[in-house]
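The numbers in my numbering rise by one with no breaks, and the one at position 6 of the sequence shown is 29. Even glycine gets a Cβ: it sits at the ideal position worked out from N, Cα and C. None of the values given here were measured: they were computed from a predicted structure.
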Amino acid sequence: MTDSSPRSSVDLVEVAASSDSKIAGVSLYNGLAEVTRLSRVSLKAGDNKIVISGLSNSLIRESLRVEGRGPCTIHEVSISEFPVSLPTVTSPKLTDLLNEKTRVEKVLKRCQQAISAIDGYYDSLDAKHFEASRITEFQRGVSGVSEELDNKLLYLEDELEVLTKSIDDERAALGEVKAENRLRQRVSITVHAERDCEVEFVIVYGVSNATWDATYDIYVKMNAKEKPVRLIYKGAITQNTGEDWQDVALTLETVTPSFGVSIPELQPWTLSIYRPPLPRTKSRRKSRGGGFDLQKRKRDTSDSFTVGEEDGLGIPFSGSSAAIPKRILLVSSKGDINATFSVPGLMSIPSDGAAHNVTISELSLEAEMSWVSVPKVSAKAHLTAKIKNDSEYTFLRGVASIYVDGSFTSRSDMPAVSPQESFDCPLVLKREL
């Protein structure tokens, strides 16, 4: 019996990430970013395979998530890498330049071979085989030929350099673009559509080579009676992922997500009591008065076990052994430092590796001024402000630029400060007390 039903096939839909999809939002962490990309495609009823190419090489595979919005079911999602191949654009002028470059390279190679042959021949000759009157004439001939070849070599090298520049200029004029080596990731999505329809796919993935750092501008007015400190909280955004973030909703996160994290397991420590080996005793000749020798052997045996002091458990240890160091815990965070900052409006961050600043908030804060001096160390006095963070924002570690009465005075490290906490901020260094 022959099955007359039509053979099933998979419709292929290719999507270029840069032109056929759009980055809708970016959540930026310290060291990585989570990108949300939207792509709308038309599907045929049945099985379809959507291939989204040109994604960043910084893509973290474990972070990929795909959602479909429409009458379809996602069956499989995979990631692969491929070299980008773009069509080569050419012209008659470019062809002539390339042919001329090939010809010059061949002539240059023959010239180099001729110079090497003359040098080798000259080095292999023995003065004994020449008459004294002909040696000078021979050297002049070799020098003349070598000089002619050297001049020709310099001319060919200059001509080759000019041709190479002309070829690059012609390719630039034709719009020939080299393959973008930083965008070689490809996501393949296999879906089953119930009918012919348009479906919007949401692709969420993490990328490295992106980060943000907290920076601060602190303005202090010495004659202000209330809230003398104005603090500008900023974020310096840097990304070099290969993907330009054009008009995206940007969110700054203070927590860095981790992948493959599990609760550590404690391994057992097996303890045992150290028992020193019994010392070897020399054989003694039997002497008169055996009772005296028996008491001496008892004292020797008793003395041999006194190898060190004992601890509180009665376990002997050597006085020269180093004590096991106690475990020292390091504080990794202070208070609740998890926060999310949403940048109002849309932002564009190019993939250029440069820092792009965005203002998170401007705050007016209370502060107490004081002069601090350590005369034993220095005769100078420091003006310091104890600033209270009475806002809802958590200050992250960063660098602060200090301005007192409109003048720049210093740069200092900003500590991590939770809401309602205070921190010391050095303002001015006075030269004399």
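Beta-carbon within less than 6 Å of residue i's beta-carbon, same chain only, minus the 5 sequence neighbours each way: which residues are those?
| i | result |
| --- | --- |
| V427 | V243, L450 and V451 |
| E90 | V225 |
| S214 | The residue you asked about is not Ser; residue 214 is Val in the sequence shown. The residues are N71, C95 and I97. |
| V165 | Y145 |
| V252 | V243, L388, A390 and I410 |
| L275 | L51, W235, G258 and F364 |
| V381 | G258 and V366 |
| S433 | I425 |
| A56 | V49, V230 and A233 |
| V210 | I75 and I102 |
| E37 | V74 |
| A362 | T277 and T417 |
| E171 | none |
Does DSSP classify residue i as helix, strand or coil?
| i | result |
| --- | --- |
| N71 | strand |
| A402 | coil |
| S365 | strand |
| D236 | strand |
| L87 | strand |
| L186 | helix |
| R434 | strand |
| Y178 | helix |
| N80 | coil |
| S441 | coil |
| G421 | strand |
| S231 | coil |
| S374 | coil |
| V214 | strand |
| E415 | coil |
| E193 | helix |
| E389 | coil |
Got a sec? Which residues, its chain only, sit under 8 Å from residue i by beta carbon, not counting five neighbours each side?
| i | result |
| --- | --- |
| Y239 | L254, I255, Y256, K257, F418, G421, V422, A423, S424 and M437 |
| K453 | W394, K403, A404, H405 and L406 |
| R92 | V222, E223, F224 and V225 |
| L120 | L186, S189, I190 and E193 |
| K67 | D34, A216 and D219 |
| S114 | E193 and L197 |
| V168 | I141 |
| E123 | L186 |
| M245 | P251, M392, V427 and D428 |
What residues match up with residue i in a beta bridge as DSSP calls it?
| i | result |
| --- | --- |
| G48 | T59 and A272 |
| I296 | In DSSP, I296 forms no bridge with anything. |
| N463 | Only positions 24 to 456 of the chain appear in the structure, and residue 463 is not among them; the question remains open. |
| E104 | Q208 |
| E221 | S65 |
| Y256 | Y239 and S384 |
| I226 | R60 and V89 |
| S396 | A404 |
| P449 | T407 |
| Y426 | Y242 and F431 |
| I286 | I286 pairs with nothing; no bridge assigned. |
| E99 | T213 |
| T261 | T234 |
Beta-carbon separation of residue i and residue j under 8 Å?
| i | j | result |
| --- | --- | --- |
| W268 | I46 | yes |
| E193 | S79 | no |
| A378 | I260 | yes |
| V230 | T187 | no |
| I138 | L179 | no |
| G77 | S101 | no |
| I208 | E104 | This sequence places Gln at residue 208; Ile is not what is there. Yes. |
| P373 | N412 | no |
| G127 | E182 | At residue 127 the sequence reads Val, which differs from the Gly that was named. In this structure, E182 lies closer than 8 Å to V127 by Cβ. |
| S62 | S81 | no |
| R84 | V227 | no |
| G48 | A272 | yes |
| C448 | S435 | yes |
| S414 | L386 | yes |
For residue i, report the span of its beta strand (DSSP E) as first-last.
| i | result |
| --- | --- |
| R126 | Run containing R126: none in the beta strand (DSSP E); it sits in the alpha helix (DSSP H), P115 to S147. |
| A39 | V33 to A39 |
| D267 | D267 -> no beta strand (DSSP E), and no H or E assigned at all. |
Just to confirm my understanding: we take residue i, look at its own chain, exclude 5 residues before and 5 after, and list those with CB closer than 7 Å. What are they?
| i | result |
| --- | --- |
| Q136 | none |
| S371 | W268, Q269 and D270 |
| R205 | S79, N80 and G265 |
Indicate, with yes or no, if the ligand NAP has a heavy atom lying under 7 Å from the CB of residue i.
| i | result |
| --- | --- |
| E57 | The ligand content of the structure shown is nil, which means the ligand NAP is not present either. |
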